[in-house]
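Scroll down for the structure; my scribbles are underneath it.
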Amino acid sequence: MAIRRIPGGAEYPDEFAVNVYIPRENADNIDIVRVDTAHGETHVDRFYLPEGHDRRKHDPIEINRPEEAVAYFTEGGRWRNWVDRFESNHGLP
């Protein structure tokens, strides 16, 4: 999990991004889910969902601080389920 208080391209000091990902050596990381404040609102990008799913990208969410996003990801081990769903929908290397 990565937490960026002021992500690249941020216009305001209260912008943030929290990302659950699988790191890979010599390749791009595999993004599983991300909450961020880009695009003018706090939203969740659910990369574990199939391409074209209505809630896959830019789905508004009521989270106002990075700490709330971490709690959302870790509550009940949610992030593990999302990794499993990513593998089911997209496969893992």
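In the numbering used here, the protein residues as written are -8 to 84.
Glycine included, C-beta positions come from ideal geometry on N, C-alpha and C.
Bear in mind the structure is a predicted one, so any value in this text is a computation, not a measurement.
Which of helix, strand or coil DSSP assigns to residue i
| i | result |
| --- | --- |
| Ala18 | coil |
| Arg46 | coil |
| Arg56 | coil |
| Asp27 | strand |
| Tyr39 | coil |
Alpha-carbon spacing of residue i relative to residue j, whole angstroms
| i | j | result |
| --- | --- | --- |
| Tyr92 | Glu58 | Outside the displayed span of the chain (-8 to 84) sits residue 92, for which this structure offers no information. |
| Trp73 | Lys48 | 15 angstroms |
| Phe38 | Val24 | 5 angstroms |
| Ala60 | Trp70 | 11 angstroms |
| Arg56 | Asp36 | 16 angstroms |
| Arg(-5) | Glu53 | 18 angstroms |
Residue i, buried or exposed, once every other Cβ within 10 Å from all chains shown has been counted against 16
| i | result |
| --- | --- |
| Thr65 | exposed |
| Asp75 | exposed |
Cβ-Cβ separation, residue j to residue i (assumed contact under 8 angstroms), whole Å
| i | j | result |
| --- | --- | --- |
| Asp50 | His34 | 6 angstroms |
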